[in-house]
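To keep things clear, I will list the structure first and then write my remarks on it.
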Amino acid sequence: MRIDLHTHSNESDGTETPLELLDSAIKAGLDLFALTDHDSIAGWHQIKDKAPASIEIALGAEVSCQTLEALSVHMLGYLFNPDDKALIDSMNETRTNRITRMERIVARLQEAGMDITVDDVYAETIEGATVGRPHLADAMIRKGIVADRSEAFETYLHNRSKYYIPDASPTPEAAITLIKNAGGVAIIAHPFASLRGRIISAQYLESLIGAGLDGIEINHRDHNDGEREELSHLAKRYGLLVTGGSDYHGTGKVNRLGENLTDLSQWEKIKERAGSLK
Ligand code: AMP
Ligand code: FE
Ligand code: FE
Ligand code: ZN
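Here this note's numbering is used: the first residue of the sequence shown is 299, the next is one more, and so on.
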């Protein structure tokens, strides 16, 4: 079974529509994929009844979180009740906060003399999408300021940049509680991906296990061998689920669908844990 539990559509910062993503997943030979847009399940609603018999689509979301130290954490939620008001309201609030945040980032870039407006950024999104730095990168590409998203991130948008502002979002502990109260399973996304900037400590990760964390996404392109090893030890010690996914963003990133996968045994445990809500 080829199971990819981490993908994005243009309902957040991926470049393909949910239907195009489904088509790409079929072509990539996946048996199952989870659509895990940032702070949105709009894409899942569009394709949940559209899958042919050869492939399964799982409900997911990558919930943006911020620690009390303002570190960015991404919490993957799977198989939660899609109508859970608290979780959906929280994601809606984060999406709204991301708009204010984008206005502030753009204002900083304008102050530095860059010819860019928030309307340039919105022109790169579809109505209702979760707005993020990748859309700002796309606006910079269109204006000829950078060649691609990577250059935009390396030059202006990375987490250590003076233009960076974190998004106002729940703490990881709150996100775990929201996901689990909605009957879902909470897996922390790429926790030790150090190339993205400052990362959480192993000690903090252990504290999240106390807060109900179900598992760790280990098989991810942004984890090196050492990081994978350390995370595997933690997962074993605490009996955590282990997952993997491509973090596919269409043409927005080099990540290919299915490049990292989740073992069937782990997926079955996720389904068991999500119980009747699957
Ligand atoms: P934001 O959600 O606004 O904080 O932006 C974070 C998103 O930017 C991540 O989810 C990635 O999809 C994307 N991202 C981060 N670094 C890069 C990069 N070097 N190239 C392309 N996309 C990136
Ligand atoms: Fe993303
Ligand atoms: Fe992420
Ligand atoms: Zn992602």
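We treat Cβ as the ideally placed atom computed from N, Cα and C, and that holds for glycine. In this text the structure is predicted, and so the values were computed from the model without any measurement.
Pull up the distance between the alpha-carbon of H476 and that of K441, whole angstroms please.
Note on identity: in this sequence residue 476 is Leu, with His being the wrong assignment. Approximately 40 Å, taken between the alpha carbons.
Which residues in the same chain have their Cβ closer than 7 Å to the Cβ of A348, if we skip the five residues on either side of it in sequence?
With the sequence shown as reference, residue 348 is identified as Lys, and Ala is not the correct amino acid for it. Excluding positions up to five away in sequence, the list reads L317, L320.
Within a Cβ cutoff of 6 Å, which residues of the same chain sit near K576, ignoring the five residues on either side of it in sequence?
At K576 the pLDDT is 42, less than 50, meaning the model places this residue with poor confidence; the figure from the coordinates comes in the next sentence. Counting only Cβ-Cβ distances below 6 Å, and skipping sequence neighbours, we find L377, K569.
Other residues of its chain near A427: CB distance less than 7 Å, five sequence neighbours each side excluded
Within the same chain, N308, E309, S310 come within 7 Å of A427 by CB-CB distance, once the 5 residues on both sides are set aside.
D512 and V483 closer than 8 Å at C-beta
Yes, these two residues count as a Cβ contact at 8 Å.
Based on the DSSP secondary-structure assignment, which residues constitute the bridge partners of N517?
According to DSSP, N517 shares a beta bridge with G542.
How many angstroms separate the CA atom of R496 from the CA atom of A351?
Going from the Cα of R496 to the Cα of A351 covers about 42 Å.
Could you tell me whether the stretch 499-519 touches the stretch 377-397, where touching means 3 or more Cβ pairs closer than 8 Å?
A contact is defined here as three or more CB-CB pairs under 8 Å, and the stretch 499-519 fails this definition with respect to the stretch 377-397.
Does the stretch 322-330 come into contact with the stretch 439-457, if we say contact requires no fewer than three beta-carbon pairs (one atom in each stretch) closer than 8 Å?
Flag = no, the stretch 322-330 and the stretch 439-457 do not touch.
If you draw a straight line from the alpha carbon of D381 to that of D337, how long is it in whole angstroms?
Distance between the alpha carbons of D381 and D337: 14 Å.
According to DSSP, which residues form a beta bridge with Y376?
Note: Y376 is bridge-paired with G358, V483 in the DSSP secondary-structure output.
Using the Cβ count rule (16 or more neighbours within 10 Å means buried), how would you classify G524?
Exposed, since its Cβ has fewer than 16 Cβ neighbours within 10 Å.
Tell me the rounded alpha-carbon separation between E566 and I485.
Their backbone Cα atoms lie some 14 Å apart in a straight line.
If we ignore side chains and look at the alpha-carbon of each, how far apart do R526 and N517 end up?
Their backbone Cα atoms lie some 7 Å apart in a straight line.
Contacting residues, own chain, Cβ-Cβ under 6 Å from F331 (five flanking each side not counted):
D302, T305, A323, listed in sequence order.
Is H456 near H488, with beta carbons less than 8 Å apart?
No, these two residues do not count as a Cβ contact at 8 Å.
What does the alpha-carbon distance come out to for the pair E354 and A421?
Taking C-alpha positions only, E354 is separated from A421 by approximately 32 Å.
Look at the alpha carbon of L369 and the alpha carbon of P464, and state the distance between them as a whole number of angstroms.
L369 and P464: Cα-Cα distance of roughly 8 Å.
Mind checking whether the beta-carbon of D302 lies closer than 7 Å to any heavy atom of ligand 5?
Ligand 5 is not among the ligands present in this structure, which contains only ligand 1, ligand 2, ligand 3 and ligand 4.
Taking DSSP as the reference, what is the three-state secondary structure of A332?
DSSP, reduced to helix, strand and coil, places A332 within a strand of the structure shown.
Less than 7 Å separating the Cβ of H521 from some heavy atom of ligand 4?
For H521, the distance from the CB to the nearest heavy atom of ligand 4 is not below 7 Å.
Cβ of H372 versus every heavy atom of ligand 3: is any distance shorter than 7 Å?
Yes - ligand 3 has a heavy atom lying nearer than 7 Å to the Cβ of H372.
Quick one: is the Cβ of D329 within less than 7 Å of any heavy atom of ligand 3?
If you check the C-beta of D329 against ligand 3, you find no heavy atom less than 7 Å away.
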